[in-house]
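K.L.:
First the structure, then my questions, so here it is.
2 protein chains.
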Amino acid sequence: MRSETFDRADVLDRAGALFAEKGYEGTSVQDLVDRLGLSRSSLYNSFGDKHALYLQAIDRYRARGQKHTVSLLDGGPALASIEGYLRTVGAETVGCTTCLVTSAAMEQGLLNDGIEQRARESLTGMAELFAGLIRRAQGEGDVPVGKDPVRLGRALANTVCGLRVFASVRPSQEEVEDIVEAAIDSLR
Amino acid sequence: MRSETFDRADVLDRAGALFAEKGYEGTSVQDLVDRLGLSRSSLYNSFGDKHALYLQAIDRYRARGQKHTVSLLDGGPALASIEGYLRTVGAETVGCTTCLVTSAAMEQGLLNDGIEQRARESLTGMAELFAGLIRRAQGEGDVPVGKDPVRLGRALANTVCGLRVFASVRPSQEEVEDIVEAAIDSLR
DNA sequence: GCGCAACTGGAACGCTTGTTCCAGAACTTG
DNA sequence: CAAGTTCTGGAACAAGCGTTCCAGTTGCGC
Numbered sequence: 152m153r154s155e156t157f158d159r160a161d162v163l164d165r166a167g168a169l170f171a172e173k174g175y176e177g178t179s180v181q182d183l184v185d186r187l188g189l190s191r192s193s194l195y196n197s198f199g200d201k202h203a204l205y206l207q208a209i210d211r212y213r214a215r216g217q218k219h220t221v222s223l224l225d226g227g228p229a230l231a232s233i234e235g236y237l238r239t240v241g242a243e244t245v246g247c248t249t250c251l252v253t254s255a256a257m258e259q260g261l262l263n264d265g266i267e268q269r270a271r272e273s274l275t276g277m278a279e280l281f282a283g284l285i286r287r288a289q290g291e292g293d294v295p296v297g298k299d300p301v302r303l304g305r306a307l308a309n310t311v312c313g314l315r316v317f318a319s320v321r322p323s324q325e326e327v328e329d330i331v332e333a334a335i336d337s338l339r
Numbered sequence: 152m153r154s155e156t157f158d159r160a161d162v163l164d165r166a167g168a169l170f171a172e173k174g175y176e177g178t179s180v181q182d183l184v185d186r187l188g189l190s191r192s193s194l195y196n197s198f199g200d201k202h203a204l205y206l207q208a209i210d211r212y213r214a215r216g217q218k219h220t221v222s223l224l225d226g227g228p229a230l231a232s233i234e235g236y237l238r239t240v241g242a243e244t245v246g247c248t249t250c251l252v253t254s255a256a257m258e259q260g261l262l263n264d265g266i267e268q269r270a271r272e273s274l275t276g277m278a279e280l281f282a283g284l285i286r287r288a289q290g291e292g293d294v295p296v297g298k299d300p301v302r303l304g305r306a307l308a309n310t311v312c313g314l315r316v317f318a319s320v321r322p323s324q325e326e327v328e329d330i331v332e333a334a335i336d337s338l339r
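Sequences listed follow chains A and B, in order.
So for the first sequence, the working numbering puts the first residue at 152; every next one is plus one.
So for the second sequence, the working numbering puts the first residue at 152; every next one is plus one.
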């Protein structure tokens with residue numbers, strides 16, 4: 152026996168970064184071989200074909216994002232958590248960090264298998280996460296009880312979604328801050 | 152002499168629809184020939200190569216969008232114009248109408264020539280349009296003067312941007328309505 | 001140290017890609 | 001009718017694509 156010499160998660164991370172950068176169709180298998188540090192043969196043996204690798208990279212990306220989100224949100228008042236999360240997304244946007252799920256949704260949304268569903272899951276998941284936090288913040292007296300948590304949660308998720316696109320366009324810090332702060336204002 | 156038999160604008164519209172649907176890399180020249188109703192040769196003679204056609208389709212799309220926007224916005228109180236525009240975008244979103252500029256920005260944003268700039272122009276243009284309308288609505292007593300028109304305008308543009316992504320994911324009418332109504336609420 | 005399994009490198013595959021070219025048909029204008 | 005231009009269909013091209021396969025190397029577990 153001999154176990155895999157490469158770090159599977161790490162390979163998927165790098166593949167995901169490449170896919171997010173150049174798109175699925177824009178990334179050739181040769182690009183992947185060059186960037187991932189393993190041979191063509193190993194790539195096919197360990198991950199299947201290009202599309203299978205894409206899906207695995209997306210799943211990995213989503214899992215990592217979820218872990219990161221949770222660590223950002225637990226503890227402290229809910230409103231502060233929301234603000235912190237939005238500001239983090241804002242910083243990523245200024246840094247032109249492109250989002251793999253958004254890229255995948257835009258590129259393949261209407262036709263491809265599995266991807267549309269994954270993207271929708273990510274979006275509704277984020278909306279529900281926000282809604283829960285808003286409800287908690289209302290309990291903590293930080294958000295007016297008149298506000299509809301579901302509606303506001305969906306709006307915040309959409310704001311994040313918009314920022315993912317903005318990231319492709321090298322926005323100024325000022326623009327991004329305005330968007331983030333306006334979102335936060337909507338909670339007051 | 153013999154003039155062009157096809158309608159140039161119409162061909163660009165159909166090309167744009169195809170590019171928006173399948174992405175730039177995902178659309179082959181053969182796809183274009185099949186859909187546009189003119190021969191490979193005419194296509195190259197009249198529009199140059201694939202990338203040139205793409206840019207022309209984007210420009211045409213933007214011009215058409217601008218014309219449409221203007222017709223939607225002139226006349227009546229500014230607040231009603233904003234609401235009408237947002238609801239129109241919402242309807243397009245429910246109908247899964249994908250936006251060529253957003254697709255182009257996501258696919259090529261960081262690397263390609265001309266496209267990033269065009270996408271940013273579209274976004275900042277929309278933000279400024281909103282800012283102007285908000286200022287007018289403030290003059291008309293429909294929006295509190297305490298609100299910052301520039302910030303709010305940017306937030307609305309970002310909301311539209313997010314909806315363009317949502318359209319790829321077959322959202323429910325309810326979700327989209329929540330997002331649109333929350334955006335409108337932010338003006339009160 | 002033997003055998004098994006993961007890995008490498010490269011060659012080969014059939015297919016699609018974007019692009020060019022050409023002979024001829026279709027049409028408009030003189 | 002003739003000249004000139006646009007359009008068509010199809011062939012041809014080199015390059016790149018995703019995928020498969022194989023001979024050979026490396027390293028772990030018995």
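Backbone N, C-alpha and C define an ideal beta-carbon position, used for all residues, glycine too.
Got a sec, what are the start and stop residues for the alpha helix (DSSP H) Tyr236(B) sits in?
P.N.:
Segment 229-245, the alpha helix (DSSP H) holding Tyr236(B).
K.L.:
Let me check understanding here. Comparing Cα to Cα, which of Arg213(B), Ala160(B), Ile233(B) lies closest to Leu284(B)?
P.N.:
Closest option to Leu284(B), Cα to Cα, is Ile233(B).
K.L.:
Would you mind working out which of Val184(A), Leu230(A), Val162(A), Tyr175(A) sits nearest Leu307(A), comparing C-alpha positions?
P.N.:
Leu307(A) has its Cα closest to that of Leu230(A), out of Val184(A), Leu230(A), Val162(A), Tyr175(A).
K.L.:
Using 7 Å as the limit for Cβ to Cβ distance, is Glu272(B) near chain A?
P.N.:
It does not: the Cβ of Glu272(B) has no partner Cβ on chain A nearer than 7 Å.
K.L.:
Near Phe343(A), what residues of its chain come up, given a Cβ to Cβ distance below 6 Å and the 5 sequence neighbours on each side ignored?
P.N.:
What is shown of chain A runs 152 to 339, which leaves residue 343(A) out entirely.
K.L.:
Output needed in chain order: residues of the stretch 216-235 of chain A with a Cβ under 9 Å from some Cβ in chain B.
P.N.:
Cβ contacts with chain B: none found.
K.L.:
Based on Cα-Cα distance, which residue from Gly304(A), Glu176(A), Ser337(A), Glu258(A) lies nearest to Glu279(A)?
P.N.:
Out of Gly304(A), Glu176(A), Ser337(A), Glu258(A), Gly304(A) has the C-alpha closest to the C-alpha of Glu279(A).
K.L.:
Should Leu223(A) be labelled buried (16 or more other beta-carbon atoms within 10 Å of its own) or exposed?
P.N.:
Burial call: exposed.
K.L.:
Quick one: is Glu291(A) near chain B, going by C-beta distance under 7 Å?
P.N.:
Glu291(A) does not count as touching chain B.
K.L.:
Compute the distance between the beta-carbons of Gly276(B) and Leu206(B), then report whether it is under 7 Å.
P.N.:
No; because the gap between Cβ atoms is not below 7 Å, this pair is not in contact.
K.L.:
I think Leu314(B) touches Gly241(B), with their Cβ atoms under 8 Å apart; what is that distance to the nearest whole Å?
P.N.:
Between Gly241(B) and Leu314(B) the Cβ distance is about 7 Å, and since that is below 8 Å, they are a contact.
K.L.:
Counting only the same chain and skipping the five closest in sequence on each side, list residues whose C-beta sits under 7 Å from that of Arg186(B).
P.N.:
Closer than 7 Å at Cβ, skipping near neighbours: Arg165, Leu169.
K.L.:
Could one say the Cβ of Ala256(B) lies closer than 7 Å to chain A's Cβ atoms, at least one of them?
P.N.:
It does: the Cβ of Ala256(B) has a partner Cβ on chain A nearer than 7 Å.
K.L.:
Once the 5 residues before and after Thr310(B) are set aside, which same chain residues still bring their CB inside 6 Å of it?
P.N.:
The answer, listed in chain order, is Ala334.
K.L.:
Please confirm whether Ser337(B) has its beta-carbon closer than 7 Å to some beta-carbon of chain A.
P.N.:
So, interface residue.
K.L.:
Taking Cβ to Cβ, would you say Leu163(A) is nearer than 7 Å to Ala208(A)?
P.N.:
Cβ distance < 7 Å, so Leu163(A) and Ala208(A) count as in contact.
K.L.:
From Gly177(A) to Glu176(B), what distance separates their C-alpha atoms?
P.N.:
One C-alpha to the other measures close to 6 Å.
K.L.:
At least one CB of chain B closer than 7 Å to the CB of Glu326(A): is that the case?
P.N.:
Closer than 7 Å: yes.
K.L.:
Using a Cβ-Cβ distance under 7 Å, would Asp329(A) count as near chain B?
P.N.:
Taking Cβ atoms only, chain B reaches closer than 7 Å to Asp329(A), which makes this a yes.
K.L.:
If contact means a Cβ-Cβ distance below 8 Å, which residues of the stretch 176-198 of chain A contact chain B?
P.N.:
The residues in question are Glu176, Gly177.
K.L.:
Are any of the Cβ atoms in chain B nearer than 7 Å to that of Cys250(A)?
P.N.:
False, the Cβ-Cβ gap to chain B never drops below 7 Å.
K.L.:
Go through its chain and collect everything with a Cβ distance to Arg191(A)'s Cβ below 6 Å, but skip five positions before and after it.
P.N.:
Same-chain partners within the cutoff: Val184.
K.L.:
May I have the straight-line CA-CA distance separating Lys201(B) from Ser273(B), to the nearest angstrom?
P.N.:
Those two C-alpha atoms are separated by around 22 Å.
K.L.:
Less than 7 Å between the C-beta atoms of Arg287(B) and Pro300(B), yes or no?
P.N.:
For Arg287(B) and Pro300(B), no; Cβs fall outside 7 Å.
K.L.:
Under 8 Å Cβ to Cβ from Gly167(A), same chain only, skipping five residues before and after it: list those, please.
P.N.:
For Gly167(A), where only same-chain residues beyond five positions count, the Cβ hits under 8 Å are Ala208, Ile209, Arg211, Tyr212, Leu251.
K.L.:
For Lys298(B), tell me which candidate among Ser337(A), Glu325(A), Asp161(A) has the shortest Cα-Cα distance.
P.N.:
Cα-wise, what sits closest to Lys298(B) is Ser337(A).
K.L.:
Closest to Gly290(A) by C-alpha separation, out of Pro228(A), Thr220(A), Gly199(A), would be which residue?
P.N.:
Considering only alpha carbons, the answer is Pro228(A).
K.L.:
What does the alpha-carbon distance come out to for the pair Thr220(B) and Thr244(B)?
P.N.:
Straight-line Cα distance between these residues: approximately 16 Å.
K.L.:
Could you give the first and the last residue of the continuous alpha helix (DSSP H) run that contains Phe317(A)?
P.N.:
It spans 300-317 - the alpha helix (DSSP H) in which Phe317(A) sits, taken as one unbroken run.
K.L.:
By how many angstroms is the C-alpha of Val294(A) removed from the C-alpha of Ala203(A)?
P.N.:
Those two C-alpha atoms are separated by around 43 Å.
K.L.:
If the cut is a Cβ gap below 8 Å, which residues of chain A does Val301(B) touch?
P.N.:
Simply Asp329.
K.L.:
On the criterion of 16 or more Cβ atoms from any shown chain inside 10 Å, does Thr248(A) qualify as buried, or is it exposed?
P.N.:
Exposed: under 16 other Cβ atoms inside 10 Å.
K.L.:
Since Gly313(A) meets chain B, which of its residues come closer than 7 Å, beta carbon to beta carbon?
P.N.:
What Gly313(A) touches in chain B: Asn309, Thr310, Cys312, Gly313.
K.L.:
Does Thr253(A) get closer than 7 Å to chain B when you measure Cβ to Cβ?
P.N.:
So yes, Thr253(A) belongs to the interface.
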